[in-house]
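The opening residue of the sequence shown carries number -16 in this note's numbering; numbering runs sequentially from there. Reviewing the structure listed below.
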Amino acid sequence: MNTKTAIIISPMPLHPIKSGMQNTINLLCKFLREKNYKIFFFEIKTNSKIDPILDLKKKRKYVLKLKKKIKEIKNLKFIFVNTSKVLFQYKSLLLNKKRNFKTVLACHDLYYFRKKYFDKIRIKDKTNLKNVDEVNILKKTDYIIDFKKTEFDFMLKNKISLEKLKKTYTPTLKFKKINFSKKKYDLLYVSSNWLQNHHSMKNFLKKIDKTNFAYNILVLGNLKLKKQKNIDVRPYSKKMFNKCKIGLAVMKDSTGRQTKIFEMLSAGLPVFTNIDLAEFGLKKDKHYKFFDKKKNLVNEIKTLNDDESLRKKLSQNAYNWSLNNTFYRKAFKSLNQILARN
């Protein structure tokens, strides 16, 4: 029996994981391998420090390499493509009418919504994708995963078949449950080095400036910050989650799939965020603490920090919810049906 094979194409490398987009693709790869798929990973390299698809160009060398790989692989069942821009740029290969594989788009923000973010921060994308072109490739792809409710509504409005839309959650690994012993850090902020994360951290620090903010913050990831009092920046490590009391996600101009939030929830960290997570079935004051911008940021953090009973409740509920929804085997369970068909 021939081994089933899949190709994964992304503008970000598979390792090391430094962003939410990489996390999703990495865990998708892990999920497929556990289903006995042989995976070939194909990186369309980005040079942008602002966003992985900004100014991303189609290159002939990638066309030739991808064409050769598709021809060489026996029993190729699926090609998973990360972002609609990559899918559009290489559509002649990936959406060819004579293809003998299924093409699956992992959105991680459709371009229509990513473009809104570019407009908001006044950045012009030199390889702009028109709305009509994006809708056209969405209609031609076989399946679509990794989308938010706003994207789901957008696709239905543009007459994308409901049958090809497979709901998946932002995937996470399984964490050992957080304990409530004394913590080294008060707050945890998980971050990549993309521009939006700099904006979020800068906005947060501005709000707490000139206040009696005496909490220790651990920043995990490759976010480059100037050395500051009470802020410790370290490389990403799952082990460090357990050294923190509260997960912090006060975002500005947020895009993507809120990977950092779901990771902290899966670790059982009580999460403090200004992102409304209702569309995922999460409830305020049950699974996470919502920050209303009309209230005082420092006072709200202090309230959560001082309320151990609430933190324990949020922790337990978040941890249990994550095991049933975002643990990667559960997050991608809608793929089981299409994998079984092919």
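All C-beta atoms, glycine included, are put in the ideal place defined by N, C-alpha and C. Just so it is clear, the structure is predicted and the values come from calculations on it, not from any experiment.
>> Is it the case that the region 211 to 229 contacts the region 192 to 200, given that we only count it when at least three CB pairs across the two stretches are under 8 Å?
In response: Segments in contact, yes.
>> Distance check for P(-4) and D268, CA to CA, integer angstroms please.
In response: Locating residue 268 in the sequence shown gives position 285, counting from the first residue. Locating residue -4 in the sequence shown gives position 13, counting from the first residue. Across the structure, D268 and P(-4) are spaced so that their CA atoms are roughly 37 Å apart.
> Apart from the five residues on each side of it in sequence, which residues of its chain come closer than 6 Å, Cβ to Cβ, to L93?
Replying inline: As a first step, residue 93 is located in the sequence shown; it is residue number 110 there, counting from the start. Here the set comprises S67 and E134.
>> Applying the 10 Å Cβ sphere with the 16-neighbour rule, what's the burial state of R105?
In response: Working through the sequence shown from its first residue, we reach residue 105 at position 122. It is exposed - the Cβ of R105 has fewer than 16 other Cβ atoms within 10 Å.
> Of all the options K103, T7, F310 and L171, which has the alpha carbon lying nearest to the alpha carbon of K228?
Replying inline: Position 245 of the sequence shown, counted from the start, is the residue given in the question as residue 228. Checking every option, the nearest Cα to that of K228 belongs to L171.
> Going by C-alpha distance, which of C12, T(-14) and I(-8) is nearest P154?
Replying inline: Reading the sequence shown from its first residue, position 171 is the one you call residue 154. A check of alpha carbon separations from P154 across C12, T(-14) and I(-8) identifies C12 as the nearest.
> When the distance is taken between beta carbons, is L287 closer than 7 Å to K272?
Replying inline: Mapped onto the sequence shown, residue 272 falls at position 289. Mapped onto the sequence shown, residue 287 falls at position 304. Yes.
>> Tell me whether the region 71 to 86 and the region 119 to 132 touch, counting them as touching only if at least three CB pairs, one residue from each stretch, are closer than 8 Å.
In response: Below 8 Å, enough C-beta pairs join the region 71 to 86 and the region 119 to 132 to call them touching: three or more.
>> Going by DSSP, what residue range makes up the beta strand (DSSP E) through I143?
In response: Here residue 143 corresponds to residue number 160 of the sequence shown, with the count starting at 1. Premise fails: I143 is in no beta strand (DSSP E) and is neither H nor E.
>> Let me check understanding here. Comparing Cα to Cα, which of P(-1), I284, N141 and A250 lies closest to Y257?
In response: Here residue 257 refers to the residue found at position 274 when the sequence shown is read from its first residue. Strictly speaking, residue 257 in this sequence is Asn, with Tyr absent from that position. Of the candidates P(-1), I284, N141 and A250, I284 places its Cα closest to the Cα of N257.
>> Can you tell me whether D192 is buried or exposed? The criterion is at least 16 other CB atoms within 10 Å of its CB, across all chains shown.
In response: Counted from its first residue, the sequence shown places residue 192 at position 209. By the neighbour-count criterion, in which a residue is buried when 16 or more other Cβ atoms sit within 10 angstroms of its Cβ, D192 is exposed.
> When DSSP builds the beta bridges, which residues end up paired with G204?
Replying inline: The residue labelled residue 204 in the question sits at position 221 within the sequence shown. Answer is S174.
> Which runs of the beta strand (DSSP E) spanning at least 3 residues fall entirely within the region 97 to 151, listed in chain order?
Replying inline: Annotation: the region 97 to 151 contains the following complete segments of the beta strand (DSSP E) (minimum length 3 residues), in chain order: 126 to 128.
> Can you name, in chain order, every residue of its own chain whose Cβ lies under 8 Å from the Cβ of N307, other than the five neighbours on each side?
Replying inline: Along the sequence shown, read from residue 1 onward, the residue named residue 307 stands at position 324. Excluding positions up to five away in sequence, the list reads K313.
> Quick check: the region 273 to 281 against the region 203 to 210, are there 3 or more CB pairs under 8 Å?
Replying inline: Cβ pair count under 8 Å is below three, so no.
> Are S175 and K1 close, meaning C-beta to C-beta below 7 Å?
Replying inline: Here residue 175 refers to the residue found at position 192 of the sequence shown. Here residue 1 refers to the residue found at position 18 of the sequence shown. Against a cut-off of 7 Å, the Cβ pair of K1 and S175 comes out as a contact.
> To the nearest angstrom, how far is it from the Cα of T7 to the Cα of L188?
Replying inline: As a first step, residue 7 must be located in the sequence shown, where it is residue number 24. As a first step, residue 188 must be located in the sequence shown, where it is residue number 205. Take the alpha-carbon of T7 and the one of L188: they are about 29 Å apart.
> In angstroms, rounded to a whole number, what distance separates the CA positions of V202 and S75?
Replying inline: Your numbering for residue 202 matches position 219 in the sequence shown. Your numbering for residue 75 matches position 92 in the sequence shown. In this structure, the straight-line span from the alpha carbon of V202 to that of S75 is close to 42 Å.
>> On the DSSP letters alone, give me the boundaries of the beta strand (DSSP E) that D215 sits inside.
In response: Taking the sequence shown and counting its residues from 1, the one referred to as residue 215 is at position 232. Unbroken beta strand (DSSP E) run through D215: I214 to R217.
> Hey, how far is the Cα of Q301 from the Cα of S292?
Replying inline: Numbered from its first residue, the sequence shown carries residue 301 at position 318. Numbered from its first residue, the sequence shown carries residue 292 at position 309. Checking the sequence shown, residue 301 turns out to be Ala, not Gln. Rounded to whole angstroms, A301 to S292 spans 14 Å at the Cα level.
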